[in-house]
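Down below is the structure, laid out as structure tokens.
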Ligand SMILES: [Zn+2]
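Below you can see the structure in the form of structure tokens.
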């Protein structure tokens, strides 16, 4: 499969997750894609000089499914 098709599939998945309320418009996680819980937690926070957040990840508190990563001001993936 060529990379263009993979990219379109990825975009479609993001669009679908936003439509269904799993992700906000900026891809911030709202709801777990596995168990549909809205009880999410941040983990793996990377701090610069102990106070400036460089990156962190968000997962479901119940089933621990990783939902998205935030780094340098934006959300990574769906
Ligand atoms: Zn879950």
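Residue numbers (the working numbering): 7 to 84.
Note that beta-carbon positions come from the ideal geometry of N, C-alpha and C, so glycine has one too.
Worksheet item: Can you give the beta carbon distance from residue 65 to residue 47, rounded, assuming they're within the 8 Å contact cut?
Response: By one-based count along the chain shown, residue 65 stands at place 59. By one-based count along the chain shown, residue 47 stands at place 41. About 6 Å separates the beta carbon of residue 65 from that of residue 47, a gap short enough to meet the 8 Å contact definition.
Worksheet entry | Beta carbon shell of ligand 1 at less than 6 Å from a heavy atom | Result (chain order): 38, 40, 41, 43, 66, 68, 69, 71.
Item to complete: Could you tell me which of 55, 54, 38 sits nearest to residue 74, measuring between CA atoms?
Response: For this step, residue 74 is matched to residue 68 along the chain shown. Closest option to residue 74, judged by alpha-carbon separation, among 55, 54, 38: 38.
Worksheet item: By DSSP, does residue 39 sit in helix, in strand, or in coil?
Response: In the chain shown, counting from the first residue as 1, residue 39 sits at position 33. The answer is coil: DSSP assigns residue 39 none of H, G, I, E or B.
Worksheet item: Expressed to the nearest angstrom, what Euclidean distance is found between the alpha-carbon atoms of residue 54 and residue 45?
Response: As a first step, residue 54 must be located in the chain shown, where it is residue number 48. As a first step, residue 45 must be located in the chain shown, where it is residue number 39. C-alpha of residue 54 to C-alpha of residue 45: approximately 27 Å in a straight line.
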